[in-house]
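> Just dropping this structure here.
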Amino acid sequence: PYHKLQDQLSEEQLAGKKIGTTARGIGPCYADKAGRGNAIRMADLIAEDRLREKLQRITTEKNRLLTGLYAAAPLDWEPIFEQYRSCGQQLKPYVCNSVHMLHEALAAGKRLLFEGANAVLLDLDHGTFPYVTSSNCGTGLSAGTGVPGSALKSVLGVVKAYSSRVGAGPFPTEQDNATGEKIRQRGHEFGTTTGRPRRCGWIDLVAVHYAARLAGATGLCITLLDVLSTFERLKLCVGYKVGGQKLSGFDPDAQGLADVEPVYEELPGWHEPLDHVGELSALPTSARRYLERISEYVGVPLKLVSVGPDRQQTLLV
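Take a look at the structure:
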């Protein structure tokens, strides 16, 4: 609970320069992990004596921060301990050495599927800092699982048929107009955690190319293609320029990215609904050309296309 409170109070102090946190305490939790001394690990959570000792000490330190810097009320460590002691006991039967488990599965020839949370441009090191999350999204497989990158046989880069962003941060292709609102409503673009309306715009192929390179994508999955039905013309960002001068590629520096002007290509749209399309060849010609241009620019072959939320609406290439 002190992580959530710290997250909320810190964001309030930033005023007009808010990062756009979900206020779930993720950032402060990662900060404690990096600082080492105040981190609660799984081994602590399932050992009552260790958990009690740590929470007493950490809560005392957190209270100095909460009362001194934010003028907030102090927290009592005992209810926190009781809550998380109970959580630890419920989780204990399922805790194991996951590194050993995954490597044993690899040695047995089993297939493993890993799904990363958040988008590559929210990566702590390679994203649009500081408008990022607190972990490595695109290149964090080894850090998060203990499985080396050399074990991967394929990497599927999942990208929407348009671009979106939730919270603050640079967004060169944002459409803060009727176009963006149409995409938002058709795509149900509202934050999963906060319910905030996502910012929407045309697909940014410069950013997609950068993300695919970082992630080592061997195939592309284009989702939400059906959202773009009924647009007369579709724009694809194929470059950036500043002051009339074209830039060579994507630079994740947030301040610099805020100044770029997108360079667009236009392709014809389509009016046919796509939700009943059962195979790629049945897509309208304009939709197929749109997909081909994305794959061509990014330099990664198309593997999957989705035209709706149901499993049968995912088309194999």
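In terms of my numbering, the sequence shown opens at residue 16 and continues consecutively. Note that beta-carbon positions come from the ideal geometry of N, C-alpha and C, so glycine has one too. Keep in mind it's a predicted model, so treat the numbers as computed, not measured.
1. Would you check if the distance between the CB atom of residue 292 and the CB atom of residue 237 is smaller than 8 Å?
2. Three or more C-beta pairs under 8 Å: does that hold for the segment 59 to 77 against the segment 97 to 106?
3. Which residues does DSSP list as the beta-bridge partners of residue 205?
4. Taking the beta strand (DSSP E) that residue 237 falls in, what are its first and last residues?
5. At 4 residues or longer, and completely inside the segment 94 to 142: list those alpha helix (DSSP H) runs for me, N to C.
6. State the DSSP-derived secondary structure class of residue 219, mapped to helix, strand or coil.
7. How is the beta strand (DSSP E) around residue 256 delimited, first residue to last?
8. Report all residues from its chain with a CB closer than 7 Å to the CB of residue 294; omit the five preceding and five following residues, and keep chain order.
9. If we ignore side chains and look at the alpha-carbon of each, how far apart do residue 178 and residue 87 end up?
10. In whole angstroms, what is the alpha-carbon distance linking residue 184 and residue 146?
11. Between the segment 38 to 46 and the segment 210 to 219, are three or more C-beta pairs nearer than 8 Å?
12. Which stretch, first to last residue, makes up the beta strand (DSSP E) that contains residue 318?
13. Name the two residues that bound the continuous alpha helix (DSSP H) containing residue 43.
14. Tell me the DSSP secondary structure of residue 184 in three-state form.
15. Would the beta-carbon of residue 152 fall within 8 Å of that of residue 137?
16. Around the C-beta of residue 320, are 16 or more other C-beta atoms found within 10 angstroms, so that it is buried, or is it exposed?
17. Taking contact to mean at least 3 C-beta pairs separated by less than 8 Å, is the segment 274 to 287 in contact with the segment 244 to 254?
18. Can you give me the C-alpha to C-alpha distance between residue 45 and residue 19, rounded to a whole angstrom?
19. Looking at the unbroken alpha helix (DSSP H) that takes in residue 279, where does it start and where does it end?
20. With DSSP run on the structure shown, which of helix, strand or coil describes residue 329?
21. Check the DSSP bridge columns for residue 172 and list the partner residues they point to.
22. If we call anything under 8 Å between Cβ atoms a contact, is residue 66 one with residue 109?
23. Using a 10 Å radius around the Cβ and a threshold of 16 neighbouring Cβ atoms, would you call residue 28 buried or exposed?
24. Pull the bridge partners of residue 189 from the DSSP assignment, please.
25. Classify residue 77 as buried or exposed, calling it buried when 16 or more other Cβ atoms lie within 10 Å of its own Cβ.
26. What residue does the alpha helix (DSSP H) around residue 27 start on, and which one ends it?
27. Can you give me the C-alpha to C-alpha distance between residue 333 and residue 234, rounded to a whole angstrom?
28. Below 8 Å on the Cβ atoms is my contact criterion, and I expect residue 309 with residue 220 to pass it. Report the Cβ-Cβ distance as a whole number of Å.
29. Since residue 260 sits in a beta bridge, which residues does DSSP pair it with?
30. By DSSP, does residue 296 sit in helix, in strand, or in coil?
31. Taking Cβ positions, are residue 241 and residue 257 nearer each other than 8 Å?
32. Taking residue 271 and residue 261 to be in contact with their CB atoms under 8 Å, please state how far apart those CB atoms are, rounded to whole angstroms.
33. Indicate whether residue 265 and residue 216 have their beta-carbon atoms separated by less than 8 Å.
For this structure:
1. For the purposes of this step, residue 292 is taken as the residue at position 277 of the sequence shown. For the purposes of this step, residue 237 is taken as the residue at position 222 of the sequence shown. With contacts defined by Cβ atoms closer than 8 Å, residue 292 and residue 237 do not form a contacting pair.
2. In this structure the segment 59 to 77 touches the segment 97 to 106; the number of beta carbon pairs closer than 8 Å is three or more.
3. Along the sequence shown, read from residue 1 onward, the residue named residue 205 stands at position 190. Residue pairing of residue 205 in beta bridges, as defined by DSSP: 212.
4. In the sequence shown, counting from the first residue as 1, residue 237 sits at position 222. Residue 237: member of the beta strand (DSSP E) spanning 234 to 238, first to last residue.
5. Entirely contained in the segment 94 to 142, the alpha helix (DSSP H) runs reaching 4 residues are, in chain order, 113 to 122.
6. Numbered from 1 along the sequence shown, position 204 holds the residue referred to as residue 219. Secondary structure at residue 219: strand, using DSSP grouped into helix, strand and coil.
7. Position 241 of the sequence shown holds residue 256. The continuous beta strand (DSSP E) containing residue 256 extends over residues 248 to 257.
8. To locate residue 294, count along the sequence shown from 1; it is residue 279. So the qualifying residues of the chain are 330.
9. Against the sequence shown, residue 178 aligns to sequence position 163. Against the sequence shown, residue 87 aligns to sequence position 72. Answer to the nearest angstrom: the Cα atoms are 39 Å apart.
10. As a first step, residue 184 must be located in the sequence shown, where it is residue number 169. As a first step, residue 146 must be located in the sequence shown, where it is residue number 131. One Cα belongs to residue 184, the other to residue 146, and the distance between them is close to 5 Å.
11. Touching, no.
12. Here the question's residue 318 lines up with position 303 in the sequence shown. Counting along the chain, the beta strand (DSSP E) containing residue 318 begins and ends at 317 to 321.
13. Against the sequence shown, residue 43 aligns to sequence position 28. Per DSSP, residue 43 belongs to the alpha helix (DSSP H) from 41 to 50.
14. Numbered from 1 along the sequence shown, position 169 holds the residue referred to as residue 184. Three-state DSSP puts residue 184 in coil, outside helix and strand.
15. Locating residue 152 in the sequence shown gives position 137, where the first residue counts as 1. Locating residue 137 in the sequence shown gives position 122, where the first residue counts as 1. A contact, by the Cβ cut-off of 8 Å.
16. Residue mapping note: residue 320 aligns to position 305 of the sequence shown, counting from 1. Buried, since its Cβ has 16 or more Cβ neighbours within 10 Å.
17. With the cut-off at 8 Å, the segment 274 to 287 and the segment 244 to 254 touch.
18. Here the question's residue 45 lines up with position 30 in the sequence shown. Here the question's residue 19 lines up with position 4 in the sequence shown. The alpha-carbon atoms of residue 45 and residue 19 are separated by roughly 12 Å.
19. In the sequence shown, counting from the first residue as 1, residue 279 sits at position 264. For residue 279, no alpha helix (DSSP H) run applies; the uninterrupted beta strand (DSSP E) run containing it begins and ends at 276 to 283, by DSSP.
20. Your numbering for residue 329 matches position 314 in the sequence shown. In the structure shown, residue 329 falls within a strand segment according to DSSP collapsed to helix, strand and coil.
21. If you number the sequence shown from 1, residue 172 lands on position 157. In the DSSP output, where bridge partners are listed per residue, residue 172 has 235.
22. On the sequence shown, residue 66 is found 51 positions in, with the first residue counted as 1. On the sequence shown, residue 109 is found 94 positions in, with the first residue counted as 1. If you check the CB distance, residue 66 and residue 109 do not come in under 8 Å.
23. The count along the sequence shown starts at 1 and reaches residue 28 at position 13. It counts as exposed.
24. For the purposes of this step, residue 189 is taken as residue 174 along the sequence shown, with counting starting at 1. Beta-bridge pairing links residue 189 to 216.
25. Counting from 1 along the sequence shown, the entry for residue 77 is found at position 62. Its Cβ being crowded by 16 or more others within 10 Å, residue 77 is buried.
26. Taking the sequence shown and counting its residues from 1, one reaches residue 27 at position 12. Run containing residue 27: 17 to 29, per the alpha helix (DSSP H) assignment.
27. An answer regarding residue 333 cannot be provided, because it is not within the stretch 16 to 332 covered by the chain.
28. Along the sequence shown, read from residue 1 onward, the residue named residue 309 stands at position 294. Along the sequence shown, read from residue 1 onward, the residue named residue 220 stands at position 205. Here residue 309 really is in contact with residue 220; their C-beta atoms are around 7 Å apart, less than 8 Å.
29. Against the sequence shown, residue 260 aligns to sequence position 245. Under DSSP, residue 260 takes part in a beta bridge, and its partners are 257.
30. Numbered from 1 along the sequence shown, position 281 holds the residue referred to as residue 296. Residue 296 sits in a helix when the DSSP states are folded into three classes.
31. In the sequence shown, counting from the first residue as 1, residue 241 sits at position 226. In the sequence shown, counting from the first residue as 1, residue 257 sits at position 242. Contact flag unset, no.
32. If you number the sequence shown from 1, residue 271 lands on position 256. If you number the sequence shown from 1, residue 261 lands on position 246. Their Cβ separation, rounded to whole angstroms, is 14 Å, which puts residue 271 and residue 261 out of contact at 8 Å.
33. Position 250 of the sequence shown holds residue 265. Position 201 of the sequence shown holds residue 216. For residue 265 and residue 216, no; Cβs fall outside 8 Å.
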